[in-house]
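Q: Below: one structure in structure tokens.
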Amino acid sequence: MIQRIQSVYLLVVTILIIICLCSPVGSYIGSDYSVSALTNLCLTMADGTKDYAPWALFAILLVVAVLAFGAIFMFKKRMLQIRLTIFSTILLIGYYATLATFIFMLKEESMTFSLSWTACLPLVAIILNWLAIRAIGKDEVLVKAYDRLR
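Read in order, the letters of the sequence shown correspond to residues 0 to 149 in numbering that gives the first Met the number 0.
What follows is the structure, given as structure tokens:
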């Protein structure tokens, strides 16, 4: 199960998404140099108050992490594994669209937004999902070739 390369890719995707869940995505810097941190679950203002408006970011990443981890154990159902991985990739693209929406919705006129390094982790996960889909497809072709030989 874990000795297959696509399982390693999907495990790394799960780890990257969990890291992204726990880390701040960026920060708003006000004109008075006050910093408000944007995480996937909440926006923490400079005075310590929290606004839970971006909870959808957390929900999307949580679903992607569960899908990627669950797809590891679908090694006998390769086509379902490919479908789950494609759906996970679509959700990650939707995550970026949702993140851009929240960045512009929560930003005030006198603020600038600075992305954190963790904002690139879903992009790396998209690339790893694509590599996993290719590897699963190669396995499926190999199994079909063995079935034809019997």
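All C-beta atoms, glycine included, are put in the ideal place defined by N, C-alpha and C.
With DSSP as the reference, identify every bridge partner of residue 111, one or two as the case may be.
A: For the purposes of this step, residue 111 is taken as the residue at position 112 of the sequence shown. For residue 111, which the question treats as bridged, DSSP gives the partners 28.
Q: Just to confirm, are residue 39 and residue 88 a CB contact at a threshold of 8 Å?
A: Position 40 of the sequence shown, counted from the start, is the residue given in the question as residue 39. Position 89 of the sequence shown, counted from the start, is the residue given in the question as residue 88. The answer is no: Cβ separation not under 8 Å.
Q: Starting from residue 37 and walking both ways along the beta strand (DSSP E), at which residues does that stretch end?
A: Looking up residue 37 in the sequence shown gives position 38. Unbroken beta strand (DSSP E) run through residue 37: 34-37.
Q: Mind pulling the alpha helix (DSSP H) runs of 4 or more residues that sit fully within the stretch 51-107?
A: DSSP runs (the alpha helix (DSSP H)) wholly in the stretch 51-107: 54-71 and 77-105.
Q: Could you check whether residue 24 and residue 118 sit closer than 8 Å to each other, using their CB atoms as the reference points?
A: Translated into positions along the sequence shown, residue 118 becomes position 119. Translated into positions along the sequence shown, residue 24 becomes position 25. Result yes, Cβ atoms of residue 118 and residue 24 sit closer than 8 Å.
Q: So, for residue 51: in the same chain, excluding its five sequence neighbours on each side, which residues have a beta-carbon less than 6 Å away from its beta-carbon?
A: Residue numbering aside, residue 51 sits at position 52 when the sequence shown is read from its first letter. Closer than 6 Å at Cβ, skipping near neighbours: 41.
Q: Look up residue 43 in the DSSP assignment and give the residues it is bridged to.
A: Indexing the sequence shown from 1 puts residue 43 at position 44. In the DSSP output, where bridge partners are listed per residue, residue 43 has 36 and 49.
Q: With DSSP run on the structure shown, which of helix, strand or coil describes residue 147?
A: Taking the first residue of the sequence shown as 1, we reach residue 147 at position 148. Looking at residue 147 - three-state DSSP - the assignment turns out to be helix.
Q: If you run the structure through DSSP and keep just helix, strand and coil, what is residue 3?
A: Translated into the one-based positions of the sequence shown, residue 3 becomes position 4. Reduced to three states, the DSSP call for residue 3 is coil.
Q: Contact between the stretch 121-135 and the stretch 76-94: three or more CB pairs below 8 Å?
A: Contact between the stretch 121-135 and the stretch 76-94 is present, because at least three Cβ pairs lie under 8 Å.
Q: Less than 8 Å between the beta carbons of residue 12 and residue 67, yes or no?
A: By one-based count along the sequence shown, residue 12 stands at place 13. By one-based count along the sequence shown, residue 67 stands at place 68. A contact, by the Cβ cut-off of 8 Å.
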